[in-house]
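Colleague: Please see the structure below; I have some questions.
Number of protein chains: 2
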Amino acid sequence: MKVTEGGVTAAKGFMATSCEAGIKYKDRTDMALVYSDTPCVCAGTFTSNVVKAACVQWDKQIVDSGKPMQVVVINSGIANACTGKEGFDACEATAKAVEKSLGVQFDSVAVASTGVIGMQLPVDKLVAGVEKMSKTLDSSIEAGTAASKAIMTTDTVNKEVAVSFEISGKEVVLGGMSKGSGMIHPNMCTMLAFLSTDIAIEKKLLQEAVSEVVSDTFNMITVDGDTSTNDTLLCMANGKAGNDIIKDKNEDYETFKSALLYVCEFLAKKMAADGEGASKLFEAKVINAKSKEDAKTLSKAIVGSNLSKAAVFGCDANFGRFLCAMGYSGAQFDQNDVELFFESKAGKLEVFHRGTPIVFDEDEALKIMKEDTVTVFVNMNEGDAQATAWGCDLTYDYVKINADYRS
Amino acid sequence: MKVTEGGVTAAKGFMATSCEAGIKYKDRTDMALVYSDTPCVCAGTFTSNVVKAACVQWDKQIVDSGKPMQVVVINSGIANACTGKEGFDACEATAKAVEKSLGVQFDSVAVASTGVIGMQLPVDKLVAGVEKMSKTLDSSIEAGTAASKAIMTTDTVNKEVAVSFEISGKEVVLGGMSKGSGMIHPNMCTMLAFLSTDIAIEKKLLQEAVSEVVSDTFNMITVDGDTSTNDTLLCMANGKAGNDIIKDKNEDYETFKSALLYVCEFLAKKMAADGEGASKLFEAKVINAKSKEDAKTLSKAIVGSNLSKAAVFGCDANFGRFLCAMGYSGAQFDQNDVELFFESKAGKLEVFHRGTPIVFDEDEALKIMKEDTVTVFVNMNEGDAQATAWGCDLTYDYVKINADYRS
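Here's what the structure looks like:
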């Protein structure tokens with residue numbers, strides 16, 4: 001497997017475009033469209049929030065129906081959540097506009113939204129945007145990059161990646177883009193991710209691979225503990241690579257899953273590091289836990305704690321806060337088994353050893369904590385399961401962004 | 408029932424004192440001692456954190472043993488959590504110093520700590536503090552107030568209250584003090600609460616009343632979602648009011664429980680409003696939920712959401728964030744049943760009605776949100792259970808306090 005250029009347009013047969021639709025932002029693009037020139041098998045994962053946005057309900061219908069997917073239309077102004085029947089009608093109007101402009105079935109058109117909850121979308125602007133975009137479809141790398149910029153809200157960098165690998169003698173490409181800083185995201189800006197690949201694979205196996213990989217990547221990041229109403233990941237596979245179609249969990253399937261894991265982990269970490277107001281990527285690695293579930297629970301609790309996040313912002317090796325978060329996570333363990341380290345490019349330092357604090361060199365700790373990526377490394381000494389979670393620090397800017405958002 | 412002066416020394420037979428022990432702070436008191444001149448039946452509730460501070464383990468032993476309690480010694484410098492055997496030895500040394508100075512059994516001496524996790528307590532300073540305090544025991548209101556100040560860490564105001572009521576023709580007094588801003592508290596400063604009463608009551612009933620009331624008061628506040636390693640509430644009852652001892656859940660028991668509810672709710676709300684960096688008390692009232700548990704889950708999710716808290720700080724009636732938090736709380740409901748209002752002294756405004764946003768007057772909303780106490784009022788229209796939770800807004804000062812804490 002090798003990392004290649006571009007993102008959502010990297011795989012054969014995929015095109016993208018974007019435009020200034022004026023839904024919320026002025027003087028910037030705020031709509032994007034991803035198109036496959038042939039119908040795709042598709043897989044999706046969606047927010048677990050009981051309050052689901054209209055577009056999440058729309059997309060879930062398509063994924064569950066077993067029908068092909070061919071287009072995704074995204075806007076980055078209004079979330080279309082808590083909008084009742086009018087919100088659902090806006091999804092349908094968008095899909096019908098795509099059917100009219102591009103001649104694809106309206107029920108193969110997914111829609112995704114991100115932005116303020118509880119406001120209605122301006123349907124006329126959406127439809128005008130679709131018409132405009134239908135004339136500028138482009139398979140270039142640049143068009144994919146432009147789409148990844150159009151879906152940003154409070155993101156400070158666009159997020160895209162692509163990889164290529166070989167299956168049954170054919171080159172297969174998987175690319176993707178995402179926005180937001182978490183499955184758990186500030187401002188209801190929402191985590192959105194769109195993956196496109198030219199692999200030939202059965203729908204059931206595509207969904208299985210996507211669900212499994214998402215649970216180890218996107219579901220392991222957090223910015224502020226707020227699970228959005230709009231979280232959506234869609235993966236479209238159009239089969240254009242010409243590989244023997246994957247029907248079993250054979251070696252080809254594992255090759256594809258490795259590529260998927262790379263792409264999802266890359267985008268997930270990039271989102272965590274770009275969490276609102278973040279100055280650092282904050283990583284927690286838990287090893288030798290009793291079970292995979294425990295390892296996940298513990299690592300997520302560490303990166304999710306406001307106090308841990310504030311300590312990371314302050315470059316303070318205040319390890320008690322990290323142990324405390326592990327303690328209330330819900331996982332059972334004995335603190336007398338635990339070893340806790342801080343780690344970064346600048347070094348690795350043990351601060352707590354099997355129940356007892358270690359007197360450590362504060363200057364060395366500060367050097368480690370000052371790096372752009374800081375890892376809390378925990379050895380539970382209770383089993384052989386491990387997990388990694390990603391988050392970011394809690395800064396003044398997080399408060400600023402979120403106290404001001406709607407205005 | 409009427410509210411009277413003072414706190415922990417208001418009930419007959421209780422004395423308090425405090426001193427500058429120099430454990431962490433300079434030029435301020437940082438140890439307190441509460442003493443009953445006769446042994447007390449006692450009840451306690453403690454942190455659910457798996458990582459329990461040494462003092463929590465010490466106190467739990469006393470409460471569980473069924474033996475009487477007569478003294479509580481508190482320090483506000485170091486949490487004595489994650490300190491291994493040395494930490495437990497510090498508890499014993501403190502209790503033995505009290506035995507020596509005041510002639511009470513060392514296993515009737517509770518100890519409580521709050522402050523930094525993962526540092527060892529200076530036992531010599533603790534013992535010197537106990538010796539000093541044993542000479543200044545005082546039953547005055549002022550001594551109780553001084554004790555409530557000595558246990559503060561990042562608190563900006565001391566917290567105490569007392570009430571009196573009649574049982575079997577006798578006046579009974581219940582007083583208390585607390586520190587911190589939550590069961591769920593910044594800086595591991597920890598929530599501590601100490602209640603003293605002269606009521607005569609059986610231990611089992613005292614514990615039952617305390618546990619029930621705590622779950623509706625202290626357990627319904629949150630500042631940052633971080634459950635401390637040290638949370639402790641202790642209630643001592645010395646029987647000096649001379650009432651007929653309460654042995655059943657009769658009318659007297661209910662009278663006492665009402666007084667207990669008042670005292671605990673008063674102290675809990677005061678902690679939430681004094682959450683680190685807080686500028687407002689933020690309250691969520693959920694009515695007509697399917698079950699009490701759902702009502703609690705929903706109201707706690709609203710006041711616990713970083714995004715809701717930041718919106719409250721920004722005086723932004725961004726109701727989607729509150730609905731979103733309800734949606735990921737774990738409670739099941741249909742958004743088409745929900746009515747959501749913002750409420751304060753300045754008025755009450757419906758913003759979401761059974762699945763659809765209401766276009767509201769932003770100026771009116773701003774007027775409501777600007778008050779010192781802001782309530783989100785939610786009618787679930789699904790049953791008849793209700794609950795209230797309390798928290799505070801998320802401000803720049805919260806980040807400042809917690810990025811700087813240890814230094």
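As they're listed, the protein sequences go chains A and B.
9 is the number that our numbering gives to position 9 of the first sequence; each next residue is one higher, with no gaps.
Remember, our numbering sits 407 above the position in the second sequence when you count from 1.
Ideal placement from N, C-alpha and C gives every residue a C-beta, glycine not left out.
1. Just to check my reading of the structure: B:VAL710 and B:ALA691 have Cβ atoms closer than 8 angstroms, yes? What is that Cβ distance to the nearest angstrom?
2. Compile a chain-ordered list of the residues in the segment 110-132 of chain A whose CB is closer than 9 angstroms to at least one CB of chain B.
3. Can the beta-carbon of B:ALA810 be found less than 8 angstroms from the beta-carbon of A:PHE282?
4. Along chain A, which residues have their Cβ under 7 angstroms away from the Cβ of B:GLY762?
5. Between A:ASP363 and B:ASP514, what straight-line distance do the alpha-carbon atoms span, to the nearest angstrom?
6. Identify each residue in the segment 494-510 of chain B for which the Cβ-Cβ distance to at least one residue of chain A is less than 7 angstroms, and report them in chain order.
7. 8 angstroms is my cut-off, CB to CB: does B:VAL693 come that close to chain A?
8. Give a yes or no on whether the minimum CB-CB distance between A:PHE333 and chain B is below 8 angstroms.
9. Exposed or buried, B:THR563, counting other C-beta atoms within 10 Å across all chains shown (16 or more means buried)?
10. Kindly list the residues whose CB is nearer than 8 angstroms to the CB of B:MET776, restricted to its own chain and excluding five residues on each side of it in sequence; keep chain order.
11. From what residue to what residue does the alpha helix (DSSP H) around A:ASN402 run?
12. Using a cut-off of 8 angstroms between C-beta atoms, extract the partners of A:SER228 located in chain B.
13. By a C-beta neighbour count over all protein chains shown, 10 Å radius and 16 as the cutoff for buried, is A:LYS2 buried or exposed?
14. If the cut is a Cβ gap below 9 angstroms, which residues of chain A does B:SER698 touch?
15. Please report whether the beta-carbon of B:ASP562 lies at a distance below 8 angstroms from any beta-carbon of chain A.
16. Please confirm if the segment 526-535 of chain B is in contact with the segment 497-509 of chain B, defined as three or more CB-CB distances below 8 angstroms between the two stretches.
17. Classify B:THR780 as helix, strand or coil using the three-state DSSP reduction.
18. Closest to A:ASN306 by C-alpha separation, out of B:LYS807, B:GLN468, B:ILE694 and B:GLU700, would be which residue?
19. With contact counted as at least three CB pairs below 8 angstroms, one residue from each stretch, are the segment 49-68 of chain A and the segment 9-17 of chain A in contact?
20. Going by Cα to Cα distance, which pick from A:GLY275, A:PHE319 and A:ASN238 is closest to A:VAL8?
21. State yes or no: is the C-beta of A:GLU202 within less than 8 angstroms of the C-beta of A:LYS249?
22. Is A:MET236 near A:MET133, with beta carbons less than 8 angstroms apart?
23. Against chain B, which members of the segment 35-68 of chain A pass a CB distance test of less than 9 angstroms?
24. For a contact meaning CB atoms closer than 7 angstroms, what does B:TYR803 contact in chain A?
25. Examine the ligand MG and report whether any of its heavy atoms sits within less than 7 angstroms of the Cβ of A:ASP107.
26. Are B:GLY522 and B:LYS433 close, meaning C-beta to C-beta below 8 angstroms?
27. Would you be able to state if there are at least three C-beta pairs under 8 angstroms between the segment 38-48 of chain A and the segment 149-163 of chain A?
28. Can you give me the Cβ contacts of B:LEU613 inside the same chain, cut-off strictly under 7 angstroms, excluding the 5 residues immediately before and after it?
29. If you check the beta carbons only, do A:SER329 and A:ALA387 fall under 8 angstroms apart?
30. Along chain B, which residues have their Cβ under 9 angstroms away from the Cβ of A:ASP274?
31. Based on the DSSP secondary-structure assignment, which residues constitute the bridge partners of A:SER140?
32. Exposed or buried, B:ASN594, counting other C-beta atoms within 10 Å across all chains shown (16 or more means buried)?
33. What does DSSP give as the partner residues of A:ALA284 in its beta bridges?
34. When DSSP labels each residue in this structure, what does A:SER407 get in the three-state scheme?
35. With 8 angstroms as the threshold, decide whether the Cβ of B:ASN809 is near any Cβ in chain A.
36. Considering just the uninterrupted stretch of the beta strand (DSSP E) at B:LYS409, what are its terminal residues?
Modeller: Result, derived from the coordinates:
1. 5 angstroms
2. Against chain B - using a Cβ distance shorter than 9 angstroms - the residues of the segment 110-132 of chain A are VAL116, ILE117, GLY118, MET119 and GLN120.
3. For B:ALA810 and A:PHE282, no; Cβs fall outside 8 angstroms.
4. GLY84
5. 42 angstroms
6. For the segment 494-510 of chain B, there are no residues whose beta carbon sits under 7 angstroms from a beta carbon of chain A.
7. no
8. yes
9. exposed
10. VAL719, CYS722, ASP723, ALA724, PHE749 and SER751
11. 396-404
12. CYS731
13. Around the beta carbon of A:LYS2, a 10 Å sphere encloses fewer than 16 other beta carbons of the protein chains shown; the residue is thus reported as exposed.
14. Within chain A, no residue comes near B:SER698; the closest Cβ sits about 15 angstroms away, beyond 9 angstroms.
15. no
16. yes
17. strand
18. B:LYS807
19. no
20. A:ASN238
21. no
22. no
23. THR47, SER48, ASN49, VAL50, VAL51 and LYS52
24. TYR396 and VAL399
25. Annotation note on the ligand MG: not contained in the displayed structure, which lists no ligands.
26. no
27. no
28. VAL448, ALA450, CYS642 and ALA644
29. no
30. Simply none; closest approach about 17 angstroms.
31. The partner list for A:SER140 (beta bridge, DSSP) is empty, contrary to what the question assumes.
32. Low confidence applies to B:ASN594: its pLDDT is 39, below 50, so where it sits in the model is not reliable, and the reading given next is rough at best. Only buried fits B:ASN594, as 16 or more other CB atoms lie within 10 angstroms of its CB.
33. In the DSSP output, where bridge partners are listed per residue, A:ALA284 has A:VAL376 and A:ALA389.
34. At A:SER407 the pLDDT is 39, less than 50, meaning the model places this residue with poor confidence and gives no usable figure here.
35. Yes, contact with chain A.
36. Element bounds for B:LYS409: 409-411.
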